[in-house]
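This report refers to the structure that appears directly beneath it.
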Amino acid sequence: MKRQIGWSAAVLAAGLLAGGTIFPAGTGYAAIEKKVVSNSSSNIVTLKLNGVNKQQQGLFVEGHTYVPVTFLRDVLKMPVSYDSSSKTYSVGKDYRQLNLSVYSEGIAADLNGFYLNDAEAKMVDGRLFVPFQWVKNYLGYQGEWSAATKRLNVMPSKENGITLTSVTSNEDSSEAKINLKYPQVSNVSNTEAESAINEILKKDALTFKESIEKQIQERITVQEIGLQSQPYEFMSAYIVTYNQNNVLSLITENYEYTGGAHGMTYRKGYTFSLKDGKLLGLGDLFGKNANYEKQLNDKIKAKLNATPGYFGGFEKLGEHPDFYLQQGTLKMFFQLYEYTPYAAGFPELSFSFDSLLPKDSPFESLK
1164 MKRQIGWSAA
1174 VLAAGLLAGG
1184 TIFPAGTGYA
1194 AIEKKVVSNS
1204 SSNIVTLKLN
1214 GVNKQQQGLF
1224 VEGHTYVPVT
1234 FLRDVLKMPV
1244 SYDSSSKTYS
1254 VGKDYRQLNL
1264 SVYSEGIAAD
1274 LNGFYLNDAE
1284 AKMVDGRLFV
1294 PFQWVKNYLG
1304 YQGEWSAATK
1314 RLNVMPSKEN
1324 GITLTSVTSN
1334 EDSSEAKINL
1344 KYPQVSNVSN
1354 TEAESAINEI
1364 LKKDALTFKE
1374 SIEKQIQERI
1384 TVQEIGLQSQ
1394 PYEFMSAYIV
1404 TYNQNNVLSL
1414 ITENYEYTGG
1424 AHGMTYRKGY
1434 TFSLKDGKLL
1444 GLGDLFGKNA
1454 NYEKQLNDKI
1464 KAKLNATPGY
1474 FGGFEKLGEH
1484 PDFYLQQGTL
1494 KMFFQLYEYT
1504 PYAAGFPELS
1514 FSFDSLLPKD
1524 SPFESLK
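This is the structure:
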């Protein structure tokens, strides 16, 4: 969670699309670390699409499965491009555009401007591999994994038939660099639900923009009385984490740098019912389990106690806890400095749907 907008490009590694191979690109939100992995036969993963074997092979490293970018390009037919001015590879498009940059220090990745640090890409023999969990969590696919045979069958996820578009605002002046982006939905069968969802997302985005304008005006006042400060930086971005079962879940991040050693990022999770546009709480999803709150509180307390640098102080979840959804998983998170040091980023805790609702689906009443 270190300051990212002002990152220097440093010396980016050269990369070319040639001979069916894409060279370096990758990951990062905190410290970026370059990884080199042995391409041994014991690590090889057979890749399939809808049950059909494909020529490209994946890797199984340290308990995680990786697929080559060529698989995304040639098999899943995702567009791949290279921007020579920023030396960035882009895979996919719109809110599912994965941007991959190669620095001399290592590899960095963002999805739609939202920097990823839940996993890292790997470069092996001049080829880029990305974690399959990114493909599953963010790019609209699911997988069937056989540990015994090291085979991964990739299939499109059955998603809601809605459209997401980004509303952007970019300004660059002597006062501040501003890059804002927030989502809006369309093609929701219930137009009232669509309007309700868009109004919530737009309102929160405009609130951040109003805060920016106020801070810039304060900076101008400081400049007028002779005090100096470097230009401010503001950014907002989002990622969609779940778009199935008539439910839409996403995360937004607002970043601001107004001086000092580093900026601050604020994260917010949204989970909406497409049935009526309601912003869902944990009770709407797991309320059939009368003990879900106690289960979560006990597990969160235990996990935080085992977290290095934990400040202490967690007793129970508040009225509106931060969370989002991924396939089969509830992800709880806390803000920077809330319970852990800044360098620890946003603490995230995962809970399977089955652990909270062993015999039911959290989406049964939302269809």
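Under my numbering, the first residue of the sequence shown carries the number 1164, and numbering increases by one thereafter. A virtual CB, placed ideally from N, CA and C, is assigned to each residue, including glycine. Quick caveat: nothing in here was measured; it's all calculated off a predicted structure.
Query                                                                                                                                                                       : Result
For Lys1377, report the span of its alpha helix (DSSP H) as first-last.                                                                                                     : Thr1354 to Glu1387
So which of Lys1530, Pro1525, Asn1409 and Gln1260 has the shortest CA-CA distance to Tyr1455?                                                                               : Pro1525
In three-state DSSP terms, what is Ala1469?                                                                                                                                 : coil
If you count every other CB in all the chains shown that lies within 10 Å of the CB of Ser1337, and 16 or more means buried, which is it?                                   : exposed
On the three-pair Cβ rule with 8 Å, is the segment 1502-1513 touching the segment 1461-1468?                                                                                : yes
My parser needs the alpha helix (DSSP H) runs of 4 or more residues fully inside the segment 1305-1357; what are they?                                                      : none
By how many angstroms is the C-alpha of Leu1343 removed from the C-alpha of Tyr1405?                                                                                        : 22 Å
Within the same chain, show all residues whose beta-carbon is closer than 6 Å to that of Ser1513, passing over the 5 residues directly before and after it, in chain order. : Thr1492 and Lys1494
Do we get a CB-CB distance below 8 Å when we pair Gly1214 with the residues of chain C?                                                                                     : This model lacks chain C altogether, as it is built from one protein chain only.
Kindly indicate which three-state DSSP category Glu1527 falls into: helix, strand or coil?                                                                                  : helix
Quick one: what's got a C-beta closer than 8 Å to Lys1217's C-beta in the same chain, skipping five residues either side?                                                   : Leu1210, Lys1211, Phe1234 and Val1238
Met1241 and Val1254 - do their beta-carbons sit closer together than 8 Å?                                                                                                   : yes
Look at Leu1445 and Pro1471 and say whether their C-beta atoms are less than 8 Å apart.                                                                                     : no
Going by CA-CA distance only, name the one from Thr1421, Tyr1401 and Leu1274 that's closest to Tyr1433.                                                                     : Tyr1401
If we count the other Cβ atoms within 10 Å of its Cβ and call it buried at 16 or more, is Pro1346 buried or exposed?                                                        : buried
Count the other CB atoms, across all protein chains shown, that sit within 10 Å of the CB of Met1398; report buried if there are 16 or more and exposed otherwise.          : buried
Do three or more CB pairs link the segment 1257-1277 to the segment 1297-1306 at distances below 8 Å?                                                                       : yes
What residues in its chain sit with their C-beta under 6 Å from that of Lys1509, if we drop five residues either side in the sequence?                                      : In the sequence as displayed, the identity of residue 1509 is Phe instead of Lys. Around Phe1509: Arg1430 and Phe1496.
Tell me the start and end of each unbroken beta strand (DSSP E) in the segment 1422-1480 that is at least 3 residues and wholly inside, in chain order.                     : 1427-1436
Could you compute how far the alpha carbon of Asp1439 sits from the alpha carbon of Ser1358?                                                                                : 10 Å
How long is the line joining the alpha carbons of Met1427 and Tyr1301, rounded to whole angstroms?                                                                          : 24 Å
Can you tell me whether Ala1453 is buried or exposed? The criterion is at least 16 other CB atoms within 10 Å of its CB, across all chains shown.                           : exposed
Using 10 angstroms around the beta-carbon of Asn1417, count the other beta-carbons present and answer buried if the total reaches 16, otherwise exposed.                    : buried
Here's the rule: buried if 16 or more other CB atoms are within 10 angstroms of the residue's CB, otherwise exposed. What is Glu1355?                                       : exposed
Take Leu1459 and list the residues in its own chain whose beta-carbon comes closer than 8 Å to its own, dropping the five residues that flank it on each side.              : Leu1445, Leu1480, Met1495, Phe1514 and Leu1519
What span of residues does the beta strand (DSSP E) with Phe1486 cover, start to end?                                                                                       : Phe1486 to Gln1489
Alpha carbon to alpha carbon, how far is Glu1527 from Tyr1473?                                                                                                              : 37 Å
Which residue marks the beginning of the beta strand (DSSP E) containing Leu1133, and which one marks its end?                                                              : The chain is shown only over 1164 to 1530; residue 1133 falls outside these bounds and no answer can be derived.
Rank Ser1247, Gln1489, Gly1276 and Leu1390 by C-alpha distance to the C-alpha of Arg1259 and give the top, closest one.                                                     : Gly1276
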